[in-house]
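Each remark here refers to the structure printed beneath this line.
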Ligand code: TRP
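Numbering (my numbering), first residue to last: -3 to 328.
Okay, structure coming up:
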């Protein structure tokens, strides 16, 4: 039996190169080795009160882009969270033994309160409970998330174990963070500082859906410097970042060529960036084309969402029936 993996995808924003090479490419591989549930977390995003059309548009975009990247609706279950109402029902049960104190102590809750002091709603407070429901509804044991989600996973274990204790059983297994890294790739942003991430602004990221012209503009504006003055000198961070990006998208001999020019102080960053932009355009072309094709194919999208809903609900209903029974909710 394959182990079950659950991964929640926030339904905000476009996917960028960093998302793809840093994580999604691994997910595409992972589908073959695990029983994977990928869902688009539209209920979670209600905490920030998106407009109805923004919400729907974002869900569509995320679905389109995940499919374009190679998440396969036959291999995996890919669904929209709100299509599986059993998740909301489990969330309700779990809320009954999630305590104010522990929810208020969560680091992400405190961050959000600090960032938005006038929208401290109960959904925000109980975000970790909904996340626990997402995971426990499929009795998943593995959750591919980063460090920032560790505390949420710990809470998911707490809520699952508490349920087990309360009802005297060992129904829910413990979910743990896991990293399915066949290739861990570093994808820096274009601002010369850290990782590629959209919180640093649109100019810092190359979106998978960006048109070639947009990619060229962004890359030409990437932070560099006046160039090396001493042979074989170490690279400053901004320059190293551009080389790291080239390592991701270009052929090894292209990279070696520019390394050589750098070491001889003969590199021209204009030419270097032009090459980098063209290689980014080439590397993303198949995904960009699939994004366009899938986005235009409403019939395909509705078929995929329907298959996901069915498979997601089948698994969720199994759990929720057991849970109702354990809790003592029975029909007459
Ligand atoms: N909280 C996660 C994030 O911010 C998204 C998420 C919601 C999730 N439910 C989940 C991730 C369940 C994994 C499993 O990225």
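Positions of the beta carbon are idealized from the N, C-alpha and C atoms, including for glycine. Treat the numbers as computed from the prediction; the structure is a model and nothing was measured.
Collapsed DSSP secondary structure at residue 83 in the structure displayed: Indexing the chain shown from 1 puts residue 83 at position 87. When DSSP states are grouped into helix, strand and coil, residue 83 belongs to the helix group.
Identity of the residue in -3, 31, 184 nearest residue 200 by Cα: Reading the chain shown from its first residue, position 204 is the one you call residue 200. When only C-alpha atoms are compared, the closest one is 184.
Segment limits, alpha helix (DSSP H) that includes residue 284: Residue 284 sits at position 288 when you count from the first residue of the chain shown. Segment 265 to 291, the alpha helix (DSSP H) holding residue 284.
Any non-hydrogen atom of ligand 1 within 7 Å of residue 6 CB: As a first step, residue 6 is located in the chain shown; it is residue number 10 there, counting from the start. Yes, since a heavy atom of ligand 1 falls inside the 7 Å radius drawn around the Cβ of residue 6.
Other residues of its chain near residue 271: CB distance less than 8 Å, five sequence neighbours each side excluded: Locating residue 271 in the chain shown gives position 275, counting from the first residue. These residues qualify, in order along the chain: 242, 246, 250, 254.
Start-end ranges of the alpha helix (DSSP H) lying completely within the stretch 178 to 259, minimum 4 residues: Runs found: 208 to 216, 233 to 245, 248 to 259.
Nonlocal neighbours in the same chain, by C-beta distance under 7 Å from residue 126, ignoring five residues either side: In the chain shown, counting from the first residue as 1, residue 126 sits at position 130. Around residue 126: 39, 40, 87.
Pairwise C-alpha distance: residue 61 and residue 281: Position 285 of the chain shown, counted from the first residue, corresponds to residue 281. Position 65 of the chain shown, counted from the first residue, corresponds to residue 61. Taking the straight line from one Cα to the other gives about 13 Å.
C-alpha gap between residue -1 and residue 171, whole angstroms: The count along the chain shown starts at 1 and reaches residue -1 at position 3. The count along the chain shown starts at 1 and reaches residue 171 at position 175. Our two residues, residue -1 and residue 171, have alpha carbons roughly 11 Å apart in a direct line.
Of the listed residues 115, 165, 238, nearest to residue 323 (C-alpha basis): Taking the first residue of the chain shown as 1, we reach residue 323 at position 327. Closest option to residue 323, Cα to Cα, is 165.
beta-carbon residue 133 near ligand 1 non-hydrogen atom, thresh 7 Å: Looking up residue 133 in the chain shown gives position 137. In this structure, residue 133 has its CB at a distance of at least 7 Å from all heavy atoms of ligand 1.
Exposed unless 16 or more other CB atoms sit within 10 angstroms - verdict on residue 180: On the chain shown, residue 180 is found 184 positions in, with the first residue counted as 1. Classification for residue 180: exposed.
Delimiting residues of the alpha helix (DSSP H) encompassing residue 65: Translated into positions along the chain shown, residue 65 becomes position 69. Taken as a continuous stretch (DSSP letters only), the alpha helix (DSSP H) holding residue 65 covers 48 to 65.
C-beta atoms of residue 35 and residue 67 nearer than 8 Å: Within the chain shown, the letter at position 39 stands for residue 35. Within the chain shown, the letter at position 71 stands for residue 67. Result no, Cβ atoms of residue 35 and residue 67 do not sit closer than 8 Å.
Residue 325 in three-state terms, based on DSSP: Here residue 325 refers to the residue found at position 329 of the chain shown. The three-state reading of DSSP puts residue 325 in coil, since its state is none of H, G, I, E or B.
Exposure of residue 325, with buried meaning 16 or more beta-carbon neighbours within 10 Å: As a first step, residue 325 is located in the chain shown; it is residue number 329 there, counting from the start. That one is exposed.
The stretch 74 to 87 in contact with the stretch 147 to 166 per 3-pair CB rule at 8 Å: Contact between the stretch 74 to 87 and the stretch 147 to 166 is not established, with fewer than three Cβ pairs separated by less than 8 Å.
Assigned exposure category for residue -3 - 16 Cβ within 10 Å defines buried: Here the question's residue -3 lines up with position 1 in the chain shown. By the neighbour-count definition (other C-beta atoms within 10 Å, threshold 16), residue -3 is an exposed residue.
Cβ-Cβ distance between residue 220 and residue 204 below 8 Å: The residue you call residue 220 lines up with position 224 of the chain shown. The residue you call residue 204 lines up with position 208 of the chain shown. Not closer than 8 Å, so no.
heavy atom of ligand 1 below 7 Å from residue 107 C-beta: One-based indexing of the chain shown puts residue 107 at position 111. No, ligand 1 has no heavy atom inside 7 Å of this Cβ.
Backbone secondary structure at residue 138 - three-state DSSP: Within the chain shown, the letter at position 142 stands for residue 138. Reduced to three states, the DSSP call for residue 138 is strand.
Every unbroken alpha helix (DSSP H) inside the stretch 146 to 172 [4 residues or more]: Segments of the alpha helix (DSSP H) lying fully in the stretch 146 to 172: 146 to 162.
Separation of residue 3 from residue 138, as counted between CA atoms: The count along the chain shown starts at 1 and reaches residue 138 at position 142. The count along the chain shown starts at 1 and reaches residue 3 at position 7. Taken atom to atom, the span from the alpha-carbon of residue 138 to that of residue 3 is near 9 Å.
Collapsed DSSP secondary structure at residue 131 in the structure displayed: Working through the chain shown from its first residue, we reach residue 131 at position 135. Helix, per DSSP.
Closest residue to residue 9 among 202, 285, 106, 223 (Cα-Cα distance): The residue labelled residue 9 in the question sits at position 13 within the chain shown. Residue nearest to residue 9 within the set 202, 285, 106, 223 is 202 (criterion: CA-CA distance).
Backbone secondary structure at residue 8 - three-state DSSP: Walking along the chain shown from the start, residue 8 turns up at place 12. Residue 8: coil per DSSP, three-state reduction.
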